[in-house]
Amino acid sequence: MRRLSLLLVALLGGVAPLARAQVQVIPFPGPAPAPVAPAPAPVPPPPPSAPAAAPALPVAPAPAPVAQSTCAPALPALHLAAADIAAGADAYRAVTNRAGAPSQFRYWKVSPAQLPATVRELCQRGFVGYGTAPSGSLMIVLGARWPGGTPAEASAPASPVAAAPAPVAAAPVVLAPAAPAPAAPAPSSRPPTSPTLSSPPVTAAAPAAPVPGPLGELLAGINAARTQGRRCGGVQRPPVPPLVVDARLSKAAQEHAEAMVAQGFAEHVNPRTRSTPESRARAQGFSGRVSENIRYGTPTVDGALIWWLGSAVHCTSLMSRDWTHMGAGSAVQNDQSSFWVLVLGRE
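For the sequence shown, the positions run -21 to -1, 1 to 326 when mature numbering (1 follows the signal peptide of the UniProt record, and there is no 0) is used.
Here it is in structure tokens:
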């Protein structure tokens, strides 16, 4: 029994260390800690930059310069005349007051972009100078030439156009048809060489009365001046026979007046059709020599007639014996201006 107890004790004593040796506390690893993201490296602040420049303000494009040309230089006198026209002055009077009476002139109303092309056209037309002036949103471009080639008074100061006197202040024009002159007093007021001009055929041939309206007044006024005599440019012109009104010349004059208003030009040669006074008269069946007078910028017939008789060149032509026929036409441009055309002829 004792042996059995010792055996049991021995057995139990050997098992205990074995059990202790086999029982180990194995710790379970806990959940792995979340990986910690490395802190970002500090980014150095950017160096201070220079202040941004203010945006440039838009610059309006400079207007295209007018092409200068030696064939048609800009003339101060014509700049002033163009300004007068823009203010409503009569074009011929403006040019005459500022630069002397021209042999030919023309003005255009164009946009600023059309100025260079218009100056080139002035050169092609043979004008010796030009001037410009604003007229609302447009520009007036004025070209002219003079009998001597250069302006007679280009550098001389001119009085305002509005204050300029009428071209013929002391020589009123009779617009009514001329009555037969009395035979007795007529020779006393005429040169000794002119009694034959006051013979009955001179006054009896005046045919202006049948033409109605303003054109009739124009033709009658011309014949009245011819039968009475006239002073033209300081030279006394004797009375001459009246002119016969010719329907062919009147039609040619009327068509040219209407063309100038419709196409915006004021010249004897139509810039589109290239027609001339001679070709227009021939187209109507008049085969003789002709001469054409043009006037515009005045709404009344007496304004046109007074201007023609006040111009030495035009007055001399109207009082010439070379012409035997005449015709007239007119076209309204606006309430301040009409175009008047007078064609003289000999057939």
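Positions of the beta carbon are idealized from the N, C-alpha and C atoms, including for glycine.
- Taken atom to atom, the span from the alpha-carbon of T206 to that of L297 is near 11 angstroms.
- H247 carries a coil assignment under DSSP once its states are collapsed to helix, strand and coil.
- Across the structure, T303 and P221 are spaced so that their CA atoms are roughly 8 angstroms apart.
- Of the other Cβ atoms in all chains shown, 16 or more fall within 10 Å of the Cβ of P81; this residue is therefore buried.
- Between A231 and V322, the CB-CB gap stays under 8 angstroms.
- Remark: C-beta atoms of V74 and L117 do not approach each other more closely than 8 angstroms.
- Residue pairing of K230 in beta bridges, as defined by DSSP: absent, with no partner found.
- Contact between D225 and G308 fails: their C-beta atoms lie close to 12 angstroms from each other, not under 8 angstroms.
- Note on geometry: alpha-carbon atoms of I285 and T279 lie some 10 angstroms from one another.
- The beta-carbon distance between S317 and A310, rounded to whole angstroms, is 7 angstroms. This is short enough to meet the 8 angstroms contact definition.
- Check the Cα spacing between F265 and each of P217, G276, G324, A291: the tightest is with G324.
- Its Cα nearest to that of R85, the residue Y275 stands out among A66, Y275, G208.
- Within the model, the alpha-carbon separation for G105 versus L288 is close to 27 angstroms.
- Secondary structure of V280 (DSSP, three-state): helix.
- Closest in alpha carbon position to G195, among V223, R77, D301, P95, is V223.
- Contact annotation: I119 and A61 have beta-carbon atoms nearer than 8 angstroms.
- Taking all protein chains in view, the Cβ of P113 is surrounded by fewer than 16 other Cβ atoms within 10 Å, so the residue is classified as exposed.
- Within the same chain, and ignoring the five residues on either side of A65 in sequence, the residues whose Cβ sits closer than 6 angstroms to its Cβ are A112, S114, I119.
- Considering only L101, G110, Q83, the residue with the shortest C-alpha distance to D63 is G110.
- Using a 10 angstroms sphere on the CB of Q103, the tally of other CB atoms stays under 16, which defines it as exposed.
- With respect to A78, L94 sits apart: the two C-beta atoms are not nearer than 8 angstroms.
- Shown here, W125 sits in coil according to DSSP, grouped into three states, outside any helix or strand.
- The beta carbon of V292 sits closer than 8 angstroms to the beta carbons of G212 from its chain, once the five residues preceding and following it are set aside; these are given in chain order.
- Per the C-alpha coordinates, the member of V320, V214, L59 positioned closest to T277 is V320.
- Residue pairing from DSSP places G308 in a beta bridge opposite V320.
- Distance from L59 to G108 at the Cβ level is roughly 12 angstroms; contact not present, criterion being Cβ atoms closer than 8 angstroms.
- Only residues of its own chain outside the window of five on either side were considered, and among them A238 have a CB closer than 7 angstroms to the CB of N249, listed in chain order.
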